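Numbering (the working numbering), first residue to last: 18 to 203.
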């Protein structure tokens with residue numbers, strides 16, 4: 018989007034208050050949201066968060082997502098989404114376009130399935146625990162550094178796993194379920 022500016026949204030909490038609640042971030046080259054996004058309906062699996070609405074747009078979330086009541090879905094639409102959160106709880110995390118990128122930062126615990134459109138990429142920056150299944154990713158990139166662990170608790174289907182430097186410099190993957198991968202790059 019030409020002429021777009023960087024936007025920062027400061028909030029302690031953004032509460033999705035019913036099952037039809039939808040929060041969509043778009044506009045701005047980079048939109049940073051510095052608060053928690055909660056489902057306050059009292060029932061898990063309610064509310065939707067849409068990120069990276071436009072091609073070339075980047076959204077950064079620094080608060081927890083779904084810590085108070087999990088969301089129904091977190092969708093990364095066309096651009097990139099970086100989650101600097103420690104908790105992400107949603108029934109499904111959908112990376113919906115081959116232009117979409119999901120970046121999960123240091124010390125995040127993800128509860129929910131991560132589904133990708135054909136050709137999507139996921140980047141793991143540091144320690145991460147993924148409690149759901151991961152499906153249809155082209156590249157799963159680990160660049161956490163020495164001593165960092167990507168803990169895969171669910172079934173994972175990915176075309177390639179890439180360690181950005183060497184295995185020791187890029188971290189370790191701990192597989193606690195089924196891993197289907199065609200290629201590994203060190």
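Backbone N, C-alpha and C fix where the C-beta goes; we use that ideal spot for every residue, glycine too.
Computed from a predicted model, the values in this text were never measured in an experiment.
task = With a floor of 3 residues, list each beta strand (DSSP E) that falls wholly inside the region 77-165, ordered by position along the chain.
result = Listed in chain order, they are 88-93, 97-100, 104-112, 118-121, 125-141, 145-147, 151-159.
task = Report, in whole angstroms, the separation of the C-beta atoms of residue 188 and residue 166, which I expect to be a contact under 8 Å.
result = As a first step, residue 188 is located in the chain shown; it is residue number 171 there, counting from the start. As a first step, residue 166 is located in the chain shown; it is residue number 149 there, counting from the start. Taking C-beta atoms under 8 Å as the contact rule, residue 188 and residue 166 qualify, at a distance of about 6 Å.
ask   = What residues match up with residue 177 in a beta bridge as DSSP calls it?
value = Taking the chain shown and counting its residues from 1, the one referred to as residue 177 is at position 160. Partner(s): 156, 200.
inquiry  = Can you tell me whether residue 168 is helix, strand or coil according to DSSP?
reply    = Your numbering for residue 168 matches position 151 in the chain shown. DSSP places residue 168 in strand when its eight states are reduced to three.
key: Status (buried if at least 16 other CB within 10 Å, exposed otherwise) for residue 87   = The residue given as residue 87 occupies position 70 in the chain shown. Label assigned to residue 87: buried.
request  = Using beta-carbon positions only, say whether residue 7 and residue 102 come within less than 9 Å of one another.
outcome  = The shown model of the chain, from 18 to 203, leaves out residue 7, and the question about it has no answer.
Close-in-space but distant-in-sequence residues of the same chain around residue 142 (CB under 8 Å, 5 per side omitted) = Residue 142 sits at position 125 when you count from the first residue of the chain shown. Here the set comprises 120, 121, 122, 123, 160, 161.
request  = Express the C-alpha separation of residue 94 and residue 197 in angstroms, rounding to a whole number.
outcome  = The residue given as residue 197 occupies position 180 in the chain shown. The residue given as residue 94 occupies position 77 in the chain shown. One C-alpha to the other measures close to 25 Å.
query = How many angstroms separate the CA atom of residue 45 from the CA atom of residue 113?
reply = Position 28 of the chain shown, counted from the first residue, corresponds to residue 45. Position 96 of the chain shown, counted from the first residue, corresponds to residue 113. So the two alpha carbons sit approximately 20 Å from each other.
task = To the nearest angstrom, report how far apart residue 128 and residue 66 are at their CA atoms.
result = Here residue 128 corresponds to residue number 111 of the chain shown, with the count starting at 1. Here residue 66 corresponds to residue number 49 of the chain shown, with the count starting at 1. One C-alpha to the other measures close to 15 Å.
inquiry  = Whole angstroms are fine: how far does the CA of residue 39 sit from the CA of residue 90?
reply    = Stepping through the chain shown from its first residue, residue 90 is reached at position 73. Stepping through the chain shown from its first residue, residue 39 is reached at position 22. Residue 90 and residue 39 have their alpha carbons spaced roughly 10 Å apart.
query = Nearest to residue 68 by alpha carbon, out of 104, 37, 100?
reply = As a first step, residue 68 is located in the chain shown; it is residue number 51 there, counting from the start. Among 104, 37, 100, the Cα nearest to that of residue 68 belongs to 100.
ask   = Taking C-alpha atoms, which residue in 96, 109, 74 lies nearest to residue 82?
value = Walking along the chain shown from the start, residue 82 turns up at place 65. Sorting 96, 109, 74 by C-alpha distance to the C-alpha of residue 82 places 109 at the top.
query = If you run the structure through DSSP and keep just helix, strand and coil, what is residue 18?
reply = Your numbering for residue 18 matches position 1 in the chain shown. Any reading at residue 18 needs caution, since the residue's pLDDT is 44, under 50, leaving its predicted position unreliable; the model's value is listed next. Correct three-state label for residue 18: coil.
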